[in-house]
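In our numbering, the protein residues as written are 150 to 784.
For each residue, glycine too, the CB sits at the ideal point set by N, CA and C.
Report on one structure; see the data block that follows.
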Amino acid sequence: MENFQIKTFAEYKKAYRKSIKNPEAFWEEIANNFTWHKKWDKTLEWDFEKPEVKWFQGGKLNITENCLDRHLETIGNKTAIIWEPNDPDEESRYISYRQLFVKVSRFANVLKNNGIKKGDKVCIYMPMIPELAIAMLACARIGAVHSIVFAGFSSSAIARRINDSECKMLITANEVYRGSKKVNLKEICDKALEDTPSVETVIVYRRTVEPTTMKEGRDKFWFDELQKAEKECPAEVMDAEDMLFILYTSGSTGKPKGMVHTTGGYMVGTTYTFTNVFQPQKNDVYWCTADIGWITGHSYIIYGPLAAGATTVMFEGIPSYPDYGRFWEICEKLKVTHFYTAPTAIRSLAKQPLKFVEHHDLSSLKVLGTVGEPINEEAWHWYNDNIGKGNCPVVDTWWQTETGAIMISPLAGITPTRPTFATLPLPGVQPVLMDESGKEIEELNAEGRLAIKFPWPSIARTIYGDHERYREVYFSTFSNKYFTGDGSYRDASGNYRITGRVDDIVIVSGHNLGTATVENAIDEHESVAESAVVGYPHDVKGNALYAYVILHHDAEPSEELIAEIRELVGSTIGPIAKPDKVQFVNGLPKTRSGKIMRRILRKIASNDTSNLGDITTLLNPEVVDEIIKEAKIEN
Ligand code: WTA
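So, in C-alpha cells, the structure goes:
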C-alpha cells in the first residue's frame, strides 16, 4: 500500500488536484494496487439524479483475497488480529494472516454446508470476538452478504433488520461479557427468531460454558459445524458492484435504513483512507475501539486495516472495566501505536482522575484519532495533552455509514490539525457548503449545510429494498449533490468543522438515533397518546434524549410510568436509546399544519428559552409556557 501513501503536504495537494481534475485516472491508479481476477471495463458511471453510482464496472475480485490471500507470501506470519478479552486475566489471542486465512476458509465451508450461497443474506449478532471477524470475512469469501447487527440491540430491533433483508441465517454467540456483567445473546436471538420466517439456520458460538437452549433442526454449534468442514475454500469471484454488506443506520422516519455497500469501490476507498489518514508503518499496532456492529468497525477494524496488511486490535470489553485505566493498560501492554476512538469515550475518561492515565506507559503511541461526533475543544486538548503528550497528531475523521470511508480528516503528521476541525477533504472528496435556498456558498469563513458534489468509490449504492428513499434522503435536498445531513463551518484556510446534524437524527454517545424511532417505541405504551423526542447537549454523551409525552386521559403520570417508558424503549430498540428525561405534557407545540415544532422543544430541553422565536403562529401557543414551567432542566 506504500504506493499510494502520501508523504508530504505538497504531495497531498498534488494528489488532491489530480483527483479533482481527473477522478477516474486518480482512482484507477490506486485500484491497480489490488488483486483483481479481471480489471474493470469502465472506471466510473454516475448520475446523482437517478441516483446511480458504479465504480470499476466489469472488474472481478474477492475482497478476502485482498485482505488475506495476497498477504500470505509476504506477511503470512505477521499478526493480523490481536484480540483483547473483557477480563484482563484471560489470555489475549494473536492470529496471524495465515491462521486467519485458514479460519475464514473453513468457516466459509460451514456457511456453504448450511446452504448459504452467493447473494444470500446472513445476519451476524455477535460480541467483539475474533469469530465475528471470521464470520464476516467468511460471508465475503463466498459472496454472501453480511448484515451485522450491534450486539446491544434488542430482539425486536434484530427481527426488524432480519426481516427487512430476509436473512437466511443468523450467527450469534451464547453469551457475551460486558464489564462485570454477562448478557445472554442467544435468549435475545430466540425471541427475535419467533418472528423471522426467513431464517433457516442459527450458528451459535460458545463464548462461555453456560448451557444454551438449542432448537432442534435450526440451531447448530459453531464448533460442531467446523469439525465437519473442509479446510480449503476458493474465493467466489465477485463483480466490483456486487453487494458486500448491508448495514443499518437510523433514519429520520421510524424505519432503519439498510445501507448497501458494494465490493470494489468499498475496498479501494477504505484501504486508501486507512493508509493515508493513519499513516501506518510496517510494525505498527493499530487499535480502533469501535464495535464491529458499526461502520467504523467494518471499515477500520476489519476491511481497511486487513487489506493494508496491518495488525488490528479487537477489544471485547468496555473502557471502565476493571477500572477506568483499561484503555491505557491495553495500549501499554500491546504497545499500541495508533489509537482511534470516539469523543464520548474521551469525555468520559477525561472525567476520571488522571492517575488512571499516569499509571501507564503510553510512549508507543504515535497517532490518535476520533470519529462519530464533533469533538469539543476541551476533550481535544485533554486527548492531545494527556494521551498524546503533545507528540501525536490527532486525526478528527468525519464520515458516515453512507460514505463507507473517511471523507474529511487530517493525514497524520502530513497535513495540519486544528482543534475541533476535521480539516481538509481527502483526495477524491469534493465537499461544498449549501445555503438554505439550495445555493452553493463559495466563500471561506462561512457556515452552511454540507454536501458532496462528486461520487467517491465507497459511497453506499442504495438503501436495501427502497431506492426511492435513498434518492429522497440523500439526493433530493440539493440538485445533483449528495446531502450529508450535517452542518459545517469552513475557515479561512478551507478547513471544515462539523457542527452537527441538521435533521431529526441525534448522536448519543456516538450512536445515531432517529428521534422518530424512539417516538414510535414510546407510543407503543398503552398509556401514551403521543410523544416527541429531541436531543439536548450532555457533557459526556454529547447529546442525550428528552421525551415529551402526552398520556391518555385515564392514565396517571408517575415515576413508575417513566421507568416503564424507558424500559419499553430499551426493549424495543436497545438500552442506548433510552431517554434521559421524560416529561409528561398536556400538549405539544404544533404548527397549523399539525407538525410538531421541534425547534422549540429542543430549546426547552437545552434550557435555552430566552429566544424561542415567533410562537404566535402556533396552533396552541399556550402549551409552550406550560411545558417550560414543568421542564426537567436541573442538571
Ligand atoms: C457524525 C460514523 C463531527 C456526523 C463514522 C455524521 C462527526 C454522523 C464526525 C455519521 C466527526 C461522524 N466530527 N461529526 N469527526 N464523524 N460524525 O453513520 O453527524 O454512525 O453525519 O458514521 O456522525 O454517523 P455514522
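Collapsed DSSP secondary structure at residue i in the structure displayed
i	result
residue 646	strand
residue 430	coil
residue 761	coil
residue 206	strand
residue 382	coil
residue 342	helix
residue 465	coil
residue 681	strand
residue 263	coil
residue 244	strand
residue 251	helix
residue 414	helix
residue 370	strand
residue 167	helix
residue 424	helix
residue 331	strand
residue 777	helix
residue 270	strand
residue 533	helix
residue 689	coil
residue 394	strand
residue 409	strand
residue 176	helix
Cβ pair residue i, residue j closer than 8 Å
i	j	result
residue 582	residue 635	no
residue 483	residue 216	no
residue 696	residue 731	yes
residue 514	residue 486	yes
residue 777	residue 734	no
residue 423	residue 453	yes
residue 493	residue 464	no
residue 118	residue 321	Residue 118 lies beyond the stretch modelled for the chain, which goes from 150 to 784, so this question has no answer here.
residue 347	residue 315	yes
residue 683	residue 747	yes
residue 555	residue 573	no
residue 387	residue 292	yes
residue 740	residue 768	yes
Sequence-distant residues of the same chain with beta carbon closer than 6 Å to residue i, five excluded per side
i	result
residue 340	304
residue 590	582, 584 and 597
residue 714	671, 674 and 731
residue 633	599
residue 337	304
residue 295	271, 273, 285, 288 and 394
residue 603	579
residue 313	407
residue 326	235
residue 615	none
Assumed close pair residue i, residue j - CB separation to whole angstroms, cut-off 8 Å
i	j	result
residue 213	residue 286	5 Å
residue 334	residue 300	6 Å
residue 243	residue 231	6 Å
residue 137	residue 351	Residue 137 is absent from the model: the chain starts at 150 and stops at 784.
residue 511	residue 536	6 Å
residue 631	residue 601	4 Å
In DSSP terms, what residue i is bridged to
i	result
residue 388	209
residue 582	590 and 599
residue 730	695
residue 567	570
residue 191	206
residue 140	Residue 140 lies beyond the range of the chain shown here (150 to 784); nothing can be said about it.
residue 436	462 and 488
residue 637	597 and 647
residue 322	354
Min CB distance residue i to chain D below 8 Å
i	result
residue 779	The question asks about chain D, but that chain is absent: this structure has only one protein chain.
Nonlocal neighbours in the same chain, by C-beta distance under 7 Å from residue i, ignoring five residues either side
i	result
residue 432	none
residue 782	756
residue 561	426, 427, 428, 516, 542 and 544
residue 676	700, 701, 704 and 710
residue 190	206 and 207
residue 401	652, 653, 654, 663 and 665
residue 368	351 and 353
residue 473	498, 501 and 505
Close-in-space but distant-in-sequence residues of the same chain around residue i (CB under 8 Å, 5 per side omitted)
i	result
residue 153	178, 179, 182, 421, 424 and 425
residue 784	Because residue 784 sits at a pLDDT of 46, beneath the cut-off of 50, its placement in the model cannot be relied upon, and the point is left open.
residue 290	211, 213, 253, 254, 257, 382, 384 and 385
residue 157	563
residue 477	505, 506, 508, 509, 511 and 536
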